[in-house]
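**Student:** Dropping a structure here in structure tokens format, bear with me for questions.
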Amino acid sequence: MLHVVACIKQVPDTKVAKLNPKTNTIDRASAPAILNPYDTHAVEEAVRLKKRYGGTVTVLTMGPPPAVKAIRRCVEIGADEGYMISDRAFAGADTLATSYALTKALHKISQIRPIDLIICGKMTIDGDTGQVGPGIARRLDIPPLTSVNKVVEIDKEGGSAVVHRKLEDGYEVVKSTLPCLLTVEKEINEVPYSPMPNLIKAARYQPTIWAVSDLEDVDRTQLGLKGSPTIVGSVWAPPKPQGGEILQGPVNSQVDQLMDILLQKKELFAVKGGAS
Amino acid sequence: MNIAEYSGVWVFIEVKDGKIVPVSLELLGAGKRLAEKRGVELSGILVGYGVKPLANTAFEYGADAVYVYDDPIFKLYRTETYMRAIIECTNRHKPEIILYGATSTGKDLASAAATDLATGLTADTTILDIDADTGLLQASRPAFGGNIMATILCKKHRPQMATVRPKIMKAMNPIPGRKGEIIEEKISIREEDVRTKVLEIVKSATKQVRIDEADIIVAGGKGLGDAKGFGLIHDFAETIGATVGASRDAVEAGWIEHHHQVGQTGVTVTPKIYFAIGISGAIQHLVGMQNSGLIIAINKDPDAPIFNSCHYGIVGDAFEIVPMLIEQFKRVLTAEEVKNA
């Protein structure tokens, strides 16, 4: 029986977020909160491993109270249990402070049920760093395996995992001891529509919520803004480039103008049939 | 932490298939500019097996010194072993800044090392600058899904670390025969103590399209409407011998595979000609293609930001304009073939 923990995050949907041009801040109202897309695949992979080997899927998040919604989404996918750490002291955390807080929560979860495997999404779409997963692995002193696009085998008795790590020009097959931490690519699986019983369970699901005071051995100076070595010095919209020439006239003429420009670089274009 | 003890700019020199990867040479160029402004040395840190001769390449590209970890344990990249070299070397020599390429290896390594070094790490940096007096690194990157830029600072911890996107920084022109100091480092790691083993490396059988190597890219976005509409991009690319690129929206809609994606979470490209068709031009896309030689934008929306970042633009319907371009090219290129025959 495997115990797999997926670490997840609720994020603003940055694809539809609008920028306030005056303040250069994101207009939060324009961006609905969603489960980080990469994390849906992390949870789905955990659920698939549970189906394959038996066991329990736990999800863990750090966030403000509304992030409960993201845990419910994980329950729809098939997670069994959800934990959330939520406290003002966590606010303003960069990746180092985030991995610290999550690690404290993972320690507590592992006292309830020992953890065999941790899965994170490759990155979040708001932070775009991919640094929290490896950070957790280092803090727990377990091997981090990033960019995983296939789990070949988890052998709990043998204490090992075999996965594929995506490389720029292929993949590598890596064997690791358990427990270990995977960060997964989107291509690792497809997330199907959730079965009705999951949807019903999720609708009413209440995760366990811990404040800092519920966690053990916490050094408060390592939390939130205080525990973050990086700060955002400034946020700015890049200066608009000069802009190009917009071609004018009837469509035919515009296409002709463009052809004249392109054919100055004629040598670049392959002659059909590949004779160039 | 006494940050005054830390000095010098380092670049992690990534090696693949026996060669230094291009982004490491770019970072030696970027690191050189920072080091000169600050008045310090530029060093490389080179980890691998049989890699020592590559230090000479690093010198030619600007490094004043190279720390070398050359040991069979480093034959294949593993987080656990490489990270130990970085951490040990950093603790011994105390650099003020370490730059890594934002490749899968560079990001993996930097994330792990930053945790043990308990220092700040900025991901996917696209602009680097330094305060000459304080040594404070200003690492700027697209933030929040690429809608805005953020400058990240790490004031109280050292080394300041950043991963930097490939193809953004400029490498120096190499100076043949330029010399530097090789500092050989030793580390004792026993294979039986390493918890991860690489069993096999599998290269893609069908040579995967490398859009970062293309001379011409025809890229399509949301404006094409659906997968069928995106077929127009394939048709045009095939006609002119170009490689197909795509915006994040097109990839997430499932019209094309991720390795065609241009932009912050995709690939950075610098082709000689880049066609952006039905692509609005969000910052996260622009950072991936703005250094292209000639950028042509075709979009229905006259206010699309892509028109600020192109050399020539046509405001109009791609489904009307692109077929006309295809026709013209077919005529021109076929004529050329006949002439050559």
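First to last, the protein sequences are chains A and B.
If you use the numbering used here, the first sequence corresponds to residues 968 to 1243, in order.
If you use the numbering used here, the second sequence corresponds to residues 320 to 660, in order.
Just so it is clear, CB atoms sit at the ideal spot from N, CA and C, and this is done for glycine as well.
All values derive from a computational prediction rather than experimental measurement.
(1) Can you give me the start and stop residues for the alpha helix (DSSP H) that residue 554 (chain B) sits inside?
(2) Are the beta-carbon atoms of residue 1151 (chain A) and residue 1089 (chain A) separated by less than 8 Å?
(3) Taking C-beta to C-beta, are residue 288 (chain B) and residue 428 (chain B) nearer than 8 Å?
(4) Just to check my reading of the structure: residue 331 (chain B) and residue 446 (chain B) have Cβ atoms closer than 8 Å, yes? What is that Cβ distance to the nearest angstrom?
(5) Taking only beta carbons into account, state which residues of the segment 1055-1067 of chain A come closer than 8 Å to chain B, listed in chain order.
(6) With 8 Å set as the bound, which would you pick, yes or no: does the beta-carbon of residue 1047 (chain A) sit closer than that to a beta-carbon of chain B?
(7) What whole-angstrom Cβ distance do residue 403 (chain B) and residue 508 (chain B) have, given they're in contact under 8 Å?
(8) Per DSSP, what kind of secondary structure is residue 1239 (chain A) in: helix, strand or coil?
(9) With 16 other CB atoms within 10 Å as the buried threshold, where does residue 460 (chain B) fall?
(10) Alpha carbon to alpha carbon, how far is residue 1147 (chain A) from residue 1233 (chain A)? Give it in angstroms, no decimals.
(11) In whole angstroms, give me the CA-to-CA distance for residue 1105 (chain A) and residue 510 (chain B).
(12) Would you please verify whether the beta carbon of residue 1012 (chain A) is less than 8 Å from any beta carbon of chain B?
(13) Between the Cα of residue 1204 (chain A) and those of B:582, B:569, B:606, B:558, spot the shortest distance and give me the residue it belongs to.
(14) Is the Cβ of residue 1239 (chain A) closer than 8 Å to any Cβ of chain B?
(15) Give me the chain A residues within the contact set of residue 643 (chain B), using Cβ-Cβ distance strictly less than 7 Å, ordered along the chain.
(16) Compare the C-alpha of residue 1184 (chain A) against each of A:1067, A:1058, A:1030 and name the closest.
(17) Check residue 648 (chain B) in the structure and name its three-state DSSP category.
(18) Tell me, please, whether the CB atom of residue 1226 (chain A) is closer than 8 Å to any CB atom in chain B?
(19) Would you mind sorting residue 550 (chain B) into buried or exposed? The rule is 16 or more other CB atoms within 10 Å of its CB.
(20) Output the distance between the C-alpha atoms of residue 552 (chain B) and residue 611 (chain B), rounded to the nearest integer angstrom.
(21) At which residues does the beta strand (DSSP E) containing residue 536 (chain B) begin and terminate?
(22) DSSP state of residue 610 (chain B), grouped into three classes?
(23) Considering Cα atoms alone, identify which of A:1053, A:1122, A:1158 is closest to residue 1019 (chain A).
(24) Could you tell me whether the Cβ of residue 1177 (chain A) comes closer than 8 Å to any Cβ of chain B?
(25) Output the residue ranges of the beta strand (DSSP E) runs that lie fully inside the segment 345-423 of chain B and measure 3 residues or longer, sorted by chain position.
(26) Return the chain-ordered ranges of every alpha helix (DSSP H) run that is complete within the segment 979-1063 of chain A and spans a minimum of 4 residues.
(27) With DSSP collapsed to three states, give me the class of residue 616 (chain B).
(28) For the segment 499-533 of chain B, which residues have a CB atom closer than 7 Å to at least one CB atom of chain A, in sequence order?
(29) Go ahead and label residue 1215 (chain A) buried or exposed: buried means 16 or more other beta carbons lie within 10 angstroms of its beta carbon, across all protein chains shown.
(30) Just to make sure I have the definition right: I need the residues of chain B whose C-beta is within less than 8 Å of the C-beta of residue 930 (chain A). Which are they?
(31) My guess is that residue 617 (chain B) and residue 633 (chain B) are in contact by the Cβ rule of under 8 Å, so how many angstroms apart are they, rounded?
(32) For residue 1200 (chain A), is the beta carbon positioned less than 7 Å from some heavy atom of the ligand FAD?
(33) Spatial neighbours of residue 1092 (chain A) within its chain, please: C-beta separation below 7 Å, excluding the five flanking residues on both sides.
(34) Any chance you could list the beta strand (DSSP E) runs of at least 3 consecutive residues sitting entirely within the segment 1141-1217 of chain A, in chain order?
(35) For residue 554 (chain B), which residues from the same chain have a beta carbon less than 7 Å from its beta carbon, with the 5 sequence-adjacent residues on both sides left out?
(36) Any idea what DSSP makes of residue 436 (chain B), helix, strand or coil?
**Tutor:** In terms of the structure at hand:
(1) Locating residue 554 (chain B) in the second sequence gives position 235, counting from the first residue. Note, residue 554 (chain B): alpha helix (DSSP H), 546-559.
(2) The count along the first sequence starts at 1 and reaches residue 1151 (chain A) at position 184. The count along the first sequence starts at 1 and reaches residue 1089 (chain A) at position 122. Cβ distance < 8 Å, so residue 1151 (chain A) and residue 1089 (chain A) count as in contact.
(3) Only positions 320 to 660 of chain B appear in the structure, and residue 288 (chain B) is not among them; the question remains open.
(4) For the purposes of this step, residue 331 (chain B) is identified with residue 12 of the second sequence, where counting begins at 1. For the purposes of this step, residue 446 (chain B) is identified with residue 127 of the second sequence, where counting begins at 1. At roughly 19 Å, the Cβ-Cβ gap does not stay under 8 Å, so residue 331 (chain B) and residue 446 (chain B) are not in contact.
(5) 1061, 1062, 1063, 1066
(6) For this step, residue 1047 (chain A) is matched to residue 80 along the first sequence. Closer than 8 Å: no.
(7) On the second sequence, residue 403 (chain B) is found 84 positions in, with the first residue counted as 1. On the second sequence, residue 508 (chain B) is found 189 positions in, with the first residue counted as 1. Residue 403 (chain B) to residue 508 (chain B), Cβ: 6 Å. Contact.
(8) In the first sequence, counting from the first residue as 1, residue 1239 (chain A) sits at position 272. For residue 1239 (chain A), the pLDDT reaches just 46, beneath the cut-off of 50, and the residue's location in the model is therefore unreliable, although a value from the coordinates is still provided. Residue state, collapsed to three classes: coil.
(9) To locate residue 460 (chain B), count along the second sequence from 1; it is residue 141. Looking at its Cβ environment, which holds 16 or more other Cβ atoms inside 10 Å, residue 460 (chain B) is buried.
(10) Start at 1 with the first residue of the first sequence, and residue 1233 (chain A) comes out as number 266. Start at 1 with the first residue of the first sequence, and residue 1147 (chain A) comes out as number 180. Those two C-alpha atoms are separated by around 53 Å.
(11) Walking along the first sequence from the start, residue 1105 (chain A) turns up at place 138. Walking along the second sequence from the start, residue 510 (chain B) turns up at place 191. Going from the Cα of residue 1105 (chain A) to the Cα of residue 510 (chain B) covers about 19 Å.
(12) In the first sequence, residue 1012 (chain A) corresponds to position 45, counting from 1. Residue 1012 (chain A) does not count as touching chain B.
(13) As a working note, residue 1204 (chain A) is residue 237 in the first sequence. That would be B:606, whose Cα lies nearest to the Cα of residue 1204 (chain A).
(14) Taking the first residue of the first sequence as position 1, residue 1239 (chain A) is located at position 272. At residue 1239 (chain A), the pLDDT of 46 sits below 50, so the modelled position is not reliable; the number obtained from the coordinates is stated separately. Yes, contact with chain B.
(15) For this step, residue 643 (chain B) is matched to residue 324 along the second sequence. Those are 1222, listed as they occur along chain A.
(16) Reading the first sequence from its first residue, position 217 is the one you call residue 1184 (chain A). Out of A:1067, A:1058, A:1030, A:1067 has the C-alpha closest to the C-alpha of residue 1184 (chain A).
(17) Taking the first residue of the second sequence as 1, we reach residue 648 (chain B) at position 329. DSSP places residue 648 (chain B) in helix when its eight states are reduced to three.
(18) In the first sequence, residue 1226 (chain A) corresponds to position 259, counting from 1. So yes, residue 1226 (chain A) belongs to the interface.
(19) For the purposes of this step, residue 550 (chain B) is taken as the residue at position 231 of the second sequence. Per the 10 Å Cβ criterion, exposed.
(20) To locate residue 552 (chain B), count along the second sequence from 1; it is residue 233. To locate residue 611 (chain B), count along the second sequence from 1; it is residue 292. Going by the C-alpha atoms only, they are around 18 Å apart.
(21) Here residue 536 (chain B) corresponds to residue number 217 of the second sequence, with the count starting at 1. It spans 535-539 - the beta strand (DSSP E) in which residue 536 (chain B) sits, taken as one unbroken run.
(22) Numbered from its first residue, the second sequence carries residue 610 (chain B) at position 291. Note: residue 610 (chain B) maps to coil in three-state DSSP.
(23) On the first sequence, position 52 is the one that residue 1019 (chain A) refers to. Looking at the Cα atoms, A:1122 is the closest of the given residues.
(24) The residue you call residue 1177 (chain A) lines up with position 210 of the first sequence. No, residue 1177 (chain A) lies away from the interface with chain B (no Cβ there is under 8 Å from its Cβ).
(25) 361-367, 384-389, 416-420
(26) 1004-1020, 1035-1044
(27) One-based indexing of the second sequence puts residue 616 (chain B) at position 297. In this structure, residue 616 (chain B) counts as strand in the three-state DSSP scheme.
(28) 514, 515, 516, 517, 518, 519, 520, 521, 522, 523, 527
(29) Here residue 1215 (chain A) is taken as the residue at index 248 of the first sequence, counted from 1. Residue 1215 (chain A) comes out exposed.
(30) Residue numbering for chain A in the displayed model covers 968 to 1243; residue 930 (chain A) lies beyond these limits and cannot be assessed.
(31) Position 298 of the second sequence, counted from the first residue, corresponds to residue 617 (chain B). Position 314 of the second sequence, counted from the first residue, corresponds to residue 633 (chain B). Rounded, the Cβ-Cβ distance is 5 Å, consistent with contact.
(32) As for the ligand FAD, it is missing from this structure, which has no ligand bound.
(33) Position 125 of the first sequence, counted from the start, is the residue given in the question as residue 1092 (chain A). The answer, listed in chain order, is 978, 981, 1003, 1004.
(34) 1147-1151, 1175-1177, 1198-1203
(35) Reading the second sequence from its first residue, position 235 is the one you call residue 554 (chain B). Taken in chain order, the residues that qualify are 645.
(36) One-based indexing of the second sequence puts residue 436 (chain B) at position 117. Reduced to three states, the DSSP call for residue 436 (chain B) is helix.
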